[in-house]
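Trainee: Take 484 as the starting number for the sequence shown in our numbering and just add one per residue.
No residue lacks a Cβ here, since even glycine has one placed at the ideal position from N, Cα and C.
Can you keep this structure in mind? I'll have questions shortly.
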Amino acid sequence: MEFSEEWKSLFPISAMFRPPLLLSGPSTKPLLGPLVFNPIHNSITCLFSSPSLLPPCSSTIIPHLSFPRFLETSSSDSSLLPSTSSSIASAFGPQHNQDDVTSVFLHNRLELLHCPGTNNHIVFFPTGENSDQVGFLLLSLKNSCLEVKADENGDVFVTSCRFKHRILRISVNPVVDSSSEFSASRGNSFRAVGYLLAFTMYSVHWFVVKVREIGSNSMVPSLTYVGAKFFKTCCVAHACWSPHIPEESIVLLESGALFLFDLESVLSADSTIRYCKGTKLKVSWDDSSNLGDLKWLSCEFSWHPRIFIVARSDAIFMVDLRLDQCNITCLVKIEMLHMYTQVKNEQFFALTKAGSDGFHFALASHSLLLLCDVRKPLMPVLQWAHAVAKPSYISVFRLADLRSNLRDGMYKSASESGFGIILGSFWNPVFNLFCYGPFIAQSGSTVSKAKEFSKSFYAWNHPSDLLLSRNECHCGSCLVKEELLKDALPAWTDWQHKKELVLGFGILNKDISSMLSESDEFGSFTLVRLVSTGKLESQRYSASWGYIKSLLPHRNFSNFEDRYMGSIFDEEYRFPRKFKYLELDYLYGYLDTNLDQVLVAKTKSTSKGPRAEQSFTAEFHKILCEKLSAFGLSQLSSSSKVTVVFNDISLPSSIHEVALRRLWSHLPVEVLQLAFSSSSESLEVLMDGKKASSEFLVVPDKTQLPPFFLRKSSWRSNKSSQKVPRADALVGPKLPLPILLALHKFHNGSPSLDKSSSSFAVEAELRLRCDEVMKAACEVAASDSSGDGGVSLANDSEERSATGSKRAKPFFLHRPSSLDRDVLDHTKEQSVYKDETFSTLISKVHKKEHPSSGNNKTIGLELFDSLCPIKLQFDDVSDKQFGRKEVKAYKLLTKQFSKWQGDFNLYDEFCSRSKLQP
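Written out as structure tokens, the structure is:
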């Protein structure tokens, strides 16, 4: 079935079988030539490297979560549903999305300007601590090699003016017919070779690009600041140069307002301080007040200096200002794409001119790439389906620029009539090449004569990948491994920061590219790119019939590399940067369950060196034993009963905490003296070439076993050690428990240090002690008449009080309902409390004594013991006695507290399950 040219354009390439506007197959190869471009092996050249080329520090490198995701992960209630968190987040208004955060990496950060009549390019890019300055380098061709000219200090040229806001985009415009003027005036003053504009979120800045020859083959570039325009009420969406009048440019604001600027009037002004006033164009959008989520994207000049193309996320308009009135024509609507896309999720992302006639433009949406003609509204010329996620870069090149330096003229006709659209995304590093052109057939054939009068464009072959990064490999194995690694990263980590990204690129002039190498069989081009590691590189690409799989080696995808993007500038950093490196071999050995082997290696290396003086004297050993005995360590170390450590419980403790106390209680004094010492015995260590003493927390006065609860911070520090005298208080632990356990294993007659093949897993030892504590508690609980409630441990005959008298002390087990697996069945896969050693608590029940409030009897702090089943202990409080007024206030508070307890269902449930009287 034969369709008209208009109907044929409605069928996108790569979205249907045998689209009518696709030229592909073996018969077209001799006519079109190769249309796949592969990087040439060993053609990568690092042209320049500097911290000035690094991108700015971005909030994207900081772990981030969306507001709804933050509510889900940070809420103490792990059962918070995504719908609930989303509804809560919506009440706080719009939040910053990922596109706003990464907007600095969405657009091309590199612009090339060819100096007419020379073999030089000027490379422009944002630089500065916040990317608020324009930096540039001169790229010259000498002896078939590219050379970079920097400033006198060997760094990039930088403009003196700073914009105070981050540069979003840079655009250049060459001066028309400046080659003859430049050639006739060599050796004189600076001559203009182009214009440059750079816009930030709230301002646009204009420059004149000039060069001066300082020898036979050397030039110096410079930028002359022309002026700026600040917009205080609305942000800048886009700005571009006119191809008709080099001094003119237009600016599009996010409100849809258009401004026209003419640099000629500014340059002719006598004032040294120039402000670009500009002219606000009289454009009125009918639905400008009802945009909603729609965004103004881009603007371009069309075939006439007063005809513009303006892009919005849902439509493309042509604005005709040739007459006194403004005529607006809708060229493309998002609804046109309903045949092959989902309209509710579809929107436009990028726009650019196509060709030099000013009639055609290329437009990219979420899933389609369109080639349109302003003379045919609402009817695309050509369509492709693409797979680029949120494309932000689009540019059109002549195929002759991509296939320059041909060895023969076999494909010259196709190269001069064809075009290539490069579509991609810098943040999601994927770039595709879409080739198109007129219908080409064998000369003299009937089809060729029939198509001579047809002006339709055809897609030349299917789209192909363009590998911009040197570390890319698009084979199936590498792509699958990379996707698996992306999924393995935390939700708040951007994998782009762990990968070398191309932040900008440009293609050199075809004449200069042909001088860099010998002629190629099918043609080639030279690409200059800026990578996130702060390098400016060049690489050559050659046209091929297909992808060369063996060109790039397969990458080792064992893990992503950390390539956090951030500038390095020291001039305004007030504090010195010092890096201290810590030896974490003990921690590494603990994590790998071979801590004992690390200790063996450390012991052997220490024994070969000079022996250190003995730090512990016999007198101090005696004092230390007495202090540790006061805390019950030496008394409990010989006991084999598990429930002995229950005596130390004053507050609810988990099974894990009790197991740790049992492990501490079984350590001998010979090992404990390594963990505890007097503050005055702390050794000094070298830090930054100076001696500094290590400070540790003081062991609390109350008799309790480690880990100690709520200790006070030390009064001393490394800087105040000379001013604050040392005390003789007991400090520690200085060594962590896993190291002490490993040393105790050797001290107790375990395999010799020479037998490094032995392995002692600290976690396994801790798990064994936790099981012992849990088993002992459950046995007592099972024999108790109260069932699952209070658990009495009074049968332990070896239990001692602080004074040494034998007295029954009841205990009970408690599992908080918030940690109960039965309650969290619907979210137990997300709950972190899967270990009963942490979710089961042991607590001591003290005997309640209701004190009398008579006149002849005083009452102390024991008055508060009746408030809860746990005995309250007050530190650093003297023996306070309460009188009649205090008792009266206490009764009032007790009444209010009892009312609160009655209204608190969780407390009633706790007392009921534990068989306790509230």
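1) Please determine if the region 711 to 727 and the region 628 to 638 are in contact, where contact requires at least 3 C-beta pairs separated by less than 8 Å.
2) Please give the ranges of any alpha helix (DSSP H) in the region 803 to 891, keeping only runs that are unbroken, at least 4 residues long and fully inside the region.
3) Compute the Euclidean distance between the alpha carbons of LEU804 and LEU972, then round it to the nearest angstrom.
4) Starting from ALA1026 and walking both ways along the beta strand (DSSP E), at which residues does that stretch end?
5) Distance, Cα to Cα, ARG1365 vs LEU1251?
6) Go ahead and pull the three-state DSSP assignment for ALA722.
7) Secondary structure at LEU962, three-state DSSP: helix, strand or coil?
8) State yes or no: is the C-beta of GLY710 within less than 8 Å of the C-beta of TYR678?
9) If we count Cβ pairs, one from each stretch, closer than 8 Å, do we get three or more for the region 778 to 785 versus the region 817 to 828?
10) I'd like to know whether the C-beta atoms of GLU1020 and ARG890 end up nearer to each other than 8 Å.
11) How would you label ASN1388, buried or exposed, when you count the other beta carbons within 10 angstroms and need 16 or more for buried?
12) Taking Cβ positions, are ILE792 and ILE799 nearer each other than 8 Å?
13) Out of VAL857, PRO874, THR812, LEU814, which has the shortest C-alpha to C-alpha gap to PHE832?
14) Taking the DSSP output, what are the residues bridged to ASN1411?
15) Output the distance between the C-alpha atoms of GLU1178 and PHE1321, rounded to the nearest integer angstrom.
16) To the nearest angstrom, report how far apart GLN437 and PRO726 are at their CA atoms.
17) Using beta-carbon positions only, say whether ASN602 and ILE990 come within less than 8 Å of one another.
18) Just to confirm my understanding: we take HIS579, look at its own chain, exclude 5 residues before and 5 after, and list those with CB closer than 8 Å. What are they?
19) Do LYS993 and ALA883 have their CB atoms nearer than 8 Å?
20) Which residues bound the alpha helix (DSSP H) around THR610?
21) Quick one: what's got a C-beta closer than 8 Å to GLN1022's C-beta in the same chain, skipping five residues either side?
22) Is the distance from the Cβ of GLY903 to the Cβ of CYS918 below 8 Å?
23) Using only alpha-carbon positions, find the residue among PHE1393, LYS1378, GLY1385, LEU1375 that is nearest to SER1402.
24) Less than 8 Å between the C-beta atoms of LEU518 and TRP943, yes or no?
25) Can you name, in chain order, every residue of its own chain whose Cβ lies under 8 Å from the Cβ of SER1027, other than the five neighbours on each side?
26) Start and end of the alpha helix (DSSP H) containing LYS1139?
27) To the nearest angstrom, how far is it from the Cα of GLN1156 to the Cα of LEU1218?
28) Identify whether VAL793 lies in helix, strand or coil by the three-state DSSP scheme.
29) Under the three-state reduction of DSSP, which class applies to ILE523: helix, strand or coil?
30) Out of SER623, VAL687, LYS816, THR762, state which residue places its alpha-carbon closest to the alpha-carbon of PRO704.
31) Kindly list the residues whose CB is nearer than 6 Å to the CB of LYS491, restricted to its own chain and excluding five residues on each side of it in sequence; keep chain order.
32) Could you give the residue range of the beta strand (DSSP E) that holds PHE713?
33) Specify the secondary structure class of ARG953 as computed by DSSP and reduced to three states.
34) In angstroms, rounded to a whole number, what distance separates the CA positions of LEU984 and LEU1082?
35) Find out if the Cβ-Cβ distance for the pair LEU1180, VAL1214 is shorter than 8 Å.
36) Can you give the beta carbon distance from GLN830 to SER781, rounded, assuming they're within the 8 Å contact cut?
Mentor: Reading off the structure:
1) no
2) 882 to 885
3) 52 Å
4) 1018 to 1027
5) In the sequence on display, residue 1365 carries Phe and not Arg. Each residue's alpha carbon lies about 48 Å from the other.
6) strand
7) helix
8) no
9) no
10) no
11) exposed
12) yes
13) PRO874
14) With the chain represented from 484 up to 1401, any question about residue 1411 goes unanswered, as that position is not in the structure.
15) 30 Å
16) Shown here, the chain extends from 484 to 1401; a query on residue 437 therefore has no answer.
17) no
18) Unreliable positioning characterises HIS579 in this predicted model, as indicated by a pLDDT of 47, which lies under 50. The coordinate reading is nonetheless provided below. The answer is none, since no qualifying residue turns up.
19) yes
20) From DSSP, THR610 is part of no alpha helix (DSSP H) but of the beta strand (DSSP E) over 603 to 610.
21) PRO522, ILE523, SER526, ILE527, THR528, ARG953, THR1009, LEU1010, ARG1012
22) yes
23) There is simply no residue 1402 to check, as the chain begins at 484 and stops at 1401 in what is shown.
24) yes
25) PRO517, VAL519, PHE520, ASN521, PHE1005
26) Sequence check: residue 1139 is His here, not Lys. Per DSSP, HIS1139 belongs to the alpha helix (DSSP H) from 1138 to 1148.
27) 10 Å
28) strand
29) coil
30) SER623
31) PRO503, LEU504
32) 702 to 713
33) coil
34) 43 Å
35) yes
36) Going by Cβ atoms, the distance from GLN830 to SER781 rounds to 13 Å, so no, they are not a contact pair.
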